[in-house]
Each structure stands twice: as structure tokens, then as C-alpha cells.
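Working notes for the structure below.
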């Protein structure tokens, strides 16, 4: 499981949400993706939680997004670069 934490610049929350609505279908259909969910922590703080079959799928996805220019667009809505954390899901506990 990988989380992406975002803090929108003042007045940019709606634009950021519109951007997420546009790109999340591509995330969900990307090879090796097992799901992506958007959560709201506050009026300006958001988190996307993604699930990947393998870490390599995530790496390919991030490279694809960067080449498409999506990261540059994303950063224009944010106070700082997103915090990305990958966790190992412990099965059977």
C-alpha cells in the first residue's frame, strides 16, 4: 500500500479535486494497480491510498505520470511536494 499526502495551496482545493477526478481513472486502470482511493483530511489536506501488485508497478506508474507532465501540474496546486510512503500490508493478521 502506498499513500500520497497532499496539502493544497490556499484557494486551490477545488482545482486539486478536479485534477484528481481527471487522473484517478488512469491510476486505477494502470497495469498492476489493485485500487486507488481519495480521502479528505481537512479542507486543504488530501490523501490518495493506492494498492499495487508489485513495487515495480508503482515505479512504472510514477515514471509514466512524470513523462506525461502530470507531476508538474499537480505541484502547481500544492504547498510542497507530496509525501509518498509505501507500507507492507501484513496478510492474515
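Numbering (our numbering), first residue to last: 1362 to 1454.
Where a beta carbon is used, it is the ideal one built from N, C-alpha and C, also for glycine.
Nothing here was measured: the structure is a model prediction, and the numbers come from that model.
Where DSSP assigns a beta bridge to residue i, which residues make up the other side?
| i | result |
| --- | --- |
| residue 1396 | 1412 |
| residue 1366 | 1408 and 1444 |
| residue 1378 | Per DSSP, none; premise fails for residue 1378. |
| residue 1439 | 1369 |
Which residues in the same chain have their Cβ closer than 8 Å to the Cβ of residue i, if we skip the five residues on either side of it in sequence?
| i | result |
| --- | --- |
| residue 1417 | 1393 |
| residue 1452 | none |
Report all residues from its chain with a CB closer than 6 Å to the CB of residue i; omit the five preceding and five following residues, and keep chain order.
| i | result |
| --- | --- |
| residue 1364 | 1408, 1410 and 1446 |
| residue 1381 | 1399 |
When you compare each of the options to residue i by their alpha carbons, which one comes out closest?
| i | options | result |
| --- | --- | --- |
| residue 1367 | 1450, 1384, 1442 and 1453 | 1442 |
| residue 1374 | 1432, 1426, 1413 and 1437 | 1437 |
| residue 1430 | 1384, 1397 and 1454 | 1384 |
| residue 1377 | 1444, 1434 and 1450 | 1434 |
| residue 1406 | 1432, 1386, 1412 and 1444 | 1444 |
| residue 1387 | 1426, 1454, 1402 and 1372 | 1426 |
Residues in the same chain with beta-carbon distance under 7 Å from residue i, minus the five sequence neighbours each way, listed in chain order, please.
| i | result |
| --- | --- |
| residue 1415 | 1393 |
Three-pair Cβ contact test at 8 Å for the segment 1420-1437 versus the segment 1387-1407: Of all C-beta pairs linking the segment 1420-1437 to the segment 1387-1407, three or more are shorter than 8 Å, placing the two stretches in contact.
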